[in-house]
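Working notes, beginning with the structure itself.
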Amino acid sequence: MLQKVLVELERPQTLAQLAARLQVEAGVLWAMIETLEKRGYVGLAYSESTACGTACTACSIKNLCPASGSETPPPTPVWRLTPKGRASLQERDQGVS
Amino acid sequence: MGCPDCEGGAATATQVEGARIVTVGNPNTGKTTLINALAGSDLKVGNWPGTTVERLEAALRLPQGEVRLVDLPGAYGLAPTTPEEALTAQELLRNPPDLVVNVVDAGNLERNLHLTLELAELGLPMVVALNLMDEAAAKGYTLDPAALERELGVPVVPLVASRGEGTEALLQALAHAAVPRLQVRYPDALERAAHELARRLDHPASRWLALALLAGEEVPLELDEEALALARGLRAELERAGIDPFLEIENARYTRAHELAQGTLVGAQPRLTLTDRVDRWVLHPLLGGPIFLLGMLLAFRFTFLFSTPWVDFIGTLQEVLAGWIQHLPLPPLALSFLADGLVGGVGTVISFAPVLFFLYLALAFLETSGFLARAAFIADRMMLLAGLPGRAFIPLILGFGCNVPAVYATRILTSRIDRLRVALAVPFMSCSARLVVFTLFAAVFFPKQAALVVFALYVLGMAVGILSAWVLGRLAGQPPSTGLMELPPYRLPTLRVVIKQAWARTRSFLEGAGGPILLAVLFVWLLLNLPPGDLEHSLYARAAGWLAPLFAPLGIVDWRLLGALIPGFVAKEVVVGTLAVSYLGAEPTAALGFLQGLGQILATLWASLLTTLGAVPALVGFPQLAPPSPDAPTALQAALGAALGPAAALAYMVYVLLYTPCVATVAAIKNEFGRAWALVAVVYELIVAWALAWGVYRLALAWLGG
Numbered sequence: 001m002l003q004k005v006l007v008e009l010e011r012p013q014t015l016a017q018l019a020a021r022l023q024v025e026a027g028v029l030w031a032m033i034e035t036l037e038k039r040g041y042v043g044l045a046y047s048e049s050t051a052c053g054t055a056c057t058a059c060s061i062k063n064l065c066p067a068s069g070s071e072t073p074p075p076t077p078v079w080r081l082t083p084k085g086r087a088s089l090q091e092r093d094q095g096v097s
Numbered sequence: 001m002g003c004p005d006c007e008g009g010a011a012t013a014t015q016v017e018g019a020r021i022v023t024v025g026n027p028n029t030g031k032t033t034l035i036n037a038l039a040g041s042d043l044k045v046g047n048w049p050g051t052t053v054e055r056l057e058a059a060l061r062l063p064q065g066e067v068r069l070v071d072l073p074g075a076y077g078l079a080p081t082t083p084e085e086a087l088t089a090q091e092l093l094r095n096p097p098d099l100v101v102n103v104v105d106a107g108n109l110e111r112n113l114h115l116t117l118e119l120a121e122l123g124l125p126m127v128v129a130l131n132l133m134d135e136a137a138a139k140g141y142t143l144d145p146a147a148l149e150r151e152l153g154v155p156v157v158p159l160v161a162s163r164g165e166g167t168e169a170l171l172q173a174l175a176h177a178a179v180p181r182l183q184v185r186y187p188d189a190l191e192r193a194a195h196e197l198a199r200r201l202d203h204p205a206s207r208w209l210a211l212a213l214l215a216g217e218e219v220p221l222e223l224d225e226e227a228l229a230l231a232r233g234l235r236a237e238l239e240r241a242g243i244d245p246f247l248e249i250e251n252a253r254y255t256r257a258h259e260l261a262q263g264t265l266v267g268a269q270p271r272l273t274l275t276d277r278v279d280r281w282v283l284h285p286l287l288g289g290p291i292f293l294l295g296m297l298l299a300f301r302f303t304f305l306f307s308t309p310w311v312d313f314i315g316t317l318q319e320v321l322a323g324w325i326q327h328l329p330l331p332p333l334a335l336s337f338l339a340d341g342l343v344g345g346v347g348t349v350i351s352f353a354p355v356l357f358f359l360y361l362a363l364a365f366l367e368t369s370g371f372l373a374r375a376a377f378i379a380d381r382m383m384l385l386a387g388l389p390g391r392a393f394i395p396l397i398l399g400f401g402c403n404v405p406a407v408y409a410t411r412i413l414t415s416r417i418d419r420l421r422v423a424l425a426v427p428f429m430s431c432s433a434r435l436v437v438f439t440l441f442a443a444v445f446f447p448k449q450a451a452l453v454v455f456a457l458y459v460l461g462m463a464v465g466i467l468s469a470w471v472l473g474r475l476a477g478q479p480p481s482t483g484l485m486e487l488p489p490y491r492l493p494t495l496r497v498v499i500k501q502a503w504a505r506t507r508s509f510l511e512g513a514g515g516p517i518l519l520a521v522l523f524v525w526l527l528l529n530l531p532p533g534d535l536e537h538s539l540y541a542r543a544a545g546w547l548a549p550l551f552a553p554l555g556i557v558d559w560r561l562l563g564a565l566i567p568g569f570v571a572k573e574v575v576v577g578t579l580a581v582s583y584l585g586a587e588p589t590a591a592l593g594f595l596q597g598l599g600q601i602l603a604t605l606w607a608s609l610l611t612t613l614g615a616v617p618a619l620v621g622f623p624q625l626a627p628p629s630p631d632a633p634t635a636l637q638a639a640l641g642a643a644l645g646p647a648a649a650l651a652y653m654v655y656v657l658l659y660t661p662c663v664a665t666v667a668a669i670k671n672e673f674g675r676a677w678a679l680v681a682v683v684y685e686l687i688v689a690w691a692l693a694w695g696v697y698r699l700a701l702a703w704l705g706g
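Residue numbers (our numbering), protein chains in the order written: chain A, 1 to 97; chain B, 1 to 706.
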């Protein structure tokens with residue numbers, strides 16, 4: 001199940017879409033993502049640092065920016081495979097072949 | 001509940017006076033409520049030693065004798081990732097209780113059963129308290145506790161602890177607690193390794209400990225070095241065989257939890273939320289893109305319909321003020337400074353306000369409603385189709401707000417080549433500053449299709465940016481990558497929040513850009529008046545005239561239009577202000593009486609109000625209720641209309657859209673990628689802008705005529 005999640009990260013989709021594809025509840029998928037994130041297999045597609053610095057003042061959609069240093073959490077967290085997650089998939093593929 | 005399936009389990013501990021029972025479960029499963037319901041007033045509240053984590057304890061008088069009930073902190077798993085989980089794991093392993101009551105949220109069964117399966121590996125007598133049955137029913141779930149009981153081999157008691165329902169049955173079930181029969185089956189190689197390691201560990205929870213060590217987890221027990229070395233060796237062996245122990249273990253647990261939940265849920269009918277139903281359309285692979293574009297088109301249409309009357313109103317205010325100034329007893333040059341420089345400059349800054357306010361209003365609505373997040377998702381998919389890293393959508397979308405943070409936001413991309421190609425594409429995204437130029441020109445040359453023209457410019461900028469990044473990616477041979485996105489539910493934004501957000505952003509833009517615009521406009525006024533009284537031969541006109549041969553193929557030869565592009569390099573917002581000063585400075589301003597001016601202001605205000613109200617049905621395609629403002633075009637609009645034709649106007653807009661990024665964006669590119677790449681960005685974008693403006697001019701000439 002977790003490996004399927006890692007494989008599925010290769011294509012863009014929402015949490016709800018992937019939950020439907022894997023036939024699990026969104027809450028379970030969220031837990032899986034958290035497990036994978038805490039163990040370094042997936043990571044958020046941005047750093048927590050204020051990448052935009054102070055340059056956001058004039059930006060009309062800065063709340064959408066996950067790196068704006070906004071006080072509110074980003075509304076669209078995006079996860080991606082980390083090098084560890086990618087390596088794990090590759091190892092598995094090599095082991096299978 | 002007698003639990004016939006639990007016979008033959010481990011001897012129960014509850015018959016022993018003074019036995020210690022712990023409640024374990026995920027956070028928010030109602031453990032505290034349950035312990036309150038069981039213990040009543042005998043509850044003791046304190047902290048776990050050395051921590052601030054709350055500790056609940058109660059003495060329970062059972063028919064078998066008195067027992068101690070201790071509530072362990074909420075945990076999703078026993079491999080600790082939070083202080084609470086660490087405490088729970090520590091208590092269970094260092095100080096094993098006599099009995100575990102696993103509190104499970106019936107409405108989130110699958111997620112909760114993951115912990116149940118871990119607890120089953122500890123080898124402790126257990127009872128499952130299936131709490132929140134009422135919430136599960138509200139979600140449309142029907143559960144069969146007996147099926148779960150058969151699988152686990154321990155008593156499973158359905159409960160609604162908040163109402164005290166099932167608590168008696170739970171107390172009775174404690175007498176039938178058993179060590180769970182069910183064990184997760186892992187891949188053979190892993191099972192063998194776990195078995196070998198467990199034999200070496202002298203602990204009741206040796207199987208769980210062996211699996212944790214193989215997964216590379218830290219365990220809250222002191223183990224001898226020999227056992228740890230064996231664990232490391234076995235783990236390395238598994239990894240050499242292409243097995244990631246952590247993933248395999250978690251995988252097996254999630255799979256088993258899924259099977260258990262499927263077997264327990266009878267006729268589950270999870271209800272589709274409104275968000276699910278709307279997302280079927282909005283995120284549809286084929287319809288998603290057009291719906292996103294339609295949403296943006298509506299946003300522009302809204303911006304135009306509602307801002308145009310107020311831009312006209314500010315234009316009238318500007319003209320009336322300039323007319324009043326002519327009555328002041330001052331020399332002509334001073335009057336020109338006040339009327340053309342100061343009023344013209346400040347007026348230009350203020351004239352941005354309605355356009356930006358209504359655009360920000362539309363964006364705030366789309367953002368807070370959850371639509372913009374969907375747009376980001378659609379864009380993410382489009383990035384993949386274009387061979388870009390999926391998350392490139394973040395800087396590209398941000399580019400519509402302001403290019404500067406968008407360039408910095410490329411830091412979210414890991415590969416330097418990806419970052420660079422997206423940073424070079426960002427300036428093609430039309431930032432808010434350029435919208436003001438488009439608004440002016442579209443209103444003059446394409447009054448009936450203004451929103452469509454501006455929308456097309458945005459799409460053109462996006463297409464050029466994506467194409468540019470794609471071509472650069474192909475040259476660098478970068479593979480695309482993408483990810484998984486969580487989307488917020490749809491919400492109906494409140495008017496107050498939307499207006500507050502739009503106003504804050506408009507004010508922030510005007511405060512940030514107002515000063516530089518005013519300074520640039522005053523500087524241009526100065527250059528236009530050196531030497532005084534001869535605009536055509538002023539320093540400004542001569543400098544701008546040097547560009548004329550370069551822009552003649554685009555149909556743009558007027559030095560005023562060309563001159564405005566130069567300060568536009570400092571900030572795109574300055575273009576309109578410069579045009580206003582250079583066009584209107586040539587026209588002598590007629591003096592205006594106070595009452596005459598006031599009459600003009602009131603008449604325009606009334607017309608603007610009527611046009612705004614009449615624009616509401618026009619937003620969705622119906623004819624406007626009130627006719628558009630009958631006023632003649634503003635002086636600047638009239639001057640522009642006389643200076644060039646629609647084809648050249650289109651070419652000018654395309655050039656402004658694509659030509660060199662503003663100084664702040666170039667500085668951002670320099671900071672991120674170095675001086676050489678900043679120079680490349682400027683040259684590259686000047687060339688692309690000229691080439692496309694020329695192409696658009698030739699096409700428009702053929703289609704629209706001069």
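Think of the CB as a built atom: it goes at the ideal place given N, C-alpha and C, for glycine as much as any other residue.
Secondary structure note for A:R80: its beta strand (DSSP E) is the uninterrupted segment 78-81. Within the region 189-257 of chain B, the complete alpha helix (DSSP H) segments at least 4 residues long are 206-214, 225-240, listed from N- to C-terminus. Restricting attention to B:T167, B:P155, B:V184, the CA atom closest to the CA of B:A178 is found in B:P155. Sequence-distant Cβ neighbours of B:T634 in its own chain, meaning closer than 6 angstroms and more than five residues away, are G315. Under the Cβ criterion of 9 angstroms, A:R21 is not counted among the residues facing chain B. Contacts with chain A (Cβ-Cβ distance below 9 angstroms) from the region 271-297 of chain B involve T275, D276, D279, L283, listed in chain order.
Listed along chain A, the residues sitting closer than 9 angstroms to B:Y76 by beta-carbon distance are A31, E34, T35.
A residue is called buried when at least 16 other Cβ atoms come within 10 angstroms of its Cβ; B:K31 meets this threshold and is buried.
In this structure, the straight-line span from the alpha carbon of B:Q326 to that of B:A591 is close to 5 angstroms. Here the alpha carbon of B:A543 sits roughly 50 angstroms from the alpha carbon of A:L44. Approximately 6 angstroms separates the beta-carbon atoms of B:Y141 and B:G107; this is inside 8 angstroms, confirming the contact. Per DSSP, the continuous alpha helix (DSSP H) segment holding B:V436 begins and ends at 432-445.
Per DSSP, B:A129 is one residue of the beta strand (DSSP E) stretching across 126-131. Cβ neighbours of B:Y583 within its own chain (closer than 8 angstroms, five residues either side excluded): R560, A635, L636, A639, L640, A643.
At a C-beta separation below 8 angstroms, A:V7 has no neighbours in chain B, since its nearest C-beta there lies roughly 11 angstroms away.
As DSSP reads the structure, B:T23 sits in a beta bridge with B:D71, B:V101. Residues of chain A with a Cβ closer than 7 angstroms to the Cβ of B:Y186 do not exist, since the nearest Cβ in that chain sits about 13 angstroms away. CA-CA distance, B:A229 to B:P220, rounds to 17 angstroms. Residue pairing by DSSP places B:L143 opposite B:L265 in a beta bridge. Beta-bridge partners assigned by DSSP to B:R61: B:E66. For B:L321, the closest alpha carbon among the candidates B:L610, B:A339, B:G473 is that of B:A339. Any Cβ of chain A closer than 9 angstroms to the Cβ of B:E250 would place that residue at the interface, and such an atom is present.
If the five residues before and after B:F357 are omitted, its C-beta is found closer than 6 angstroms to the C-beta atoms of A502, T506, all from its own chain and listed in chain order.
Nearest C-alpha to B:A463 among B:P427, B:K448, B:F446, B:L595: B:P427. Of the other Cβ atoms in all chains shown, 16 or more fall within 10 Å of the Cβ of B:D105; this residue is therefore buried.
Beta-carbon to beta-carbon, B:A193 and B:L214 are separated by about 6 angstroms, close enough to satisfy the 8 angstroms threshold.
Judged by DSSP in its simplified three-state form, A:L44 adopts strand.
Under DSSP, A:R86 takes part in no beta bridge, so it has no partner. Here A:Q23 carries a coil assignment [DSSP, helix/strand/coil]. Under the DSSP assignment, B:P158 falls in the beta strand (DSSP E) whose first and last residues are 156-158.
Neighbours of B:L424 in chain A, taken as residues whose beta carbon is under 8 angstroms from its own, are absent, since the nearest beta carbon is some 18 angstroms off. Between B:L328 and B:L335 the beta-carbon gap is near 7 angstroms, inside 8 angstroms, which marks them as a contact. The distance from the Cβ of B:A37 to that of B:A129 is about 11 angstroms, inconsistent with a contact at the 8 angstroms cut-off. In the same chain as B:R111, and ignoring 5 residues on each side of it, no C-beta atom comes closer than 6 angstroms to its own. Assignment of B:E84 by DSSP, reduced to helix, strand and coil, places it in the helix class.
Taking 9 angstroms as the cut-off, the beta carbon of B:A75 is found closer than this to the beta carbon of B:N26.
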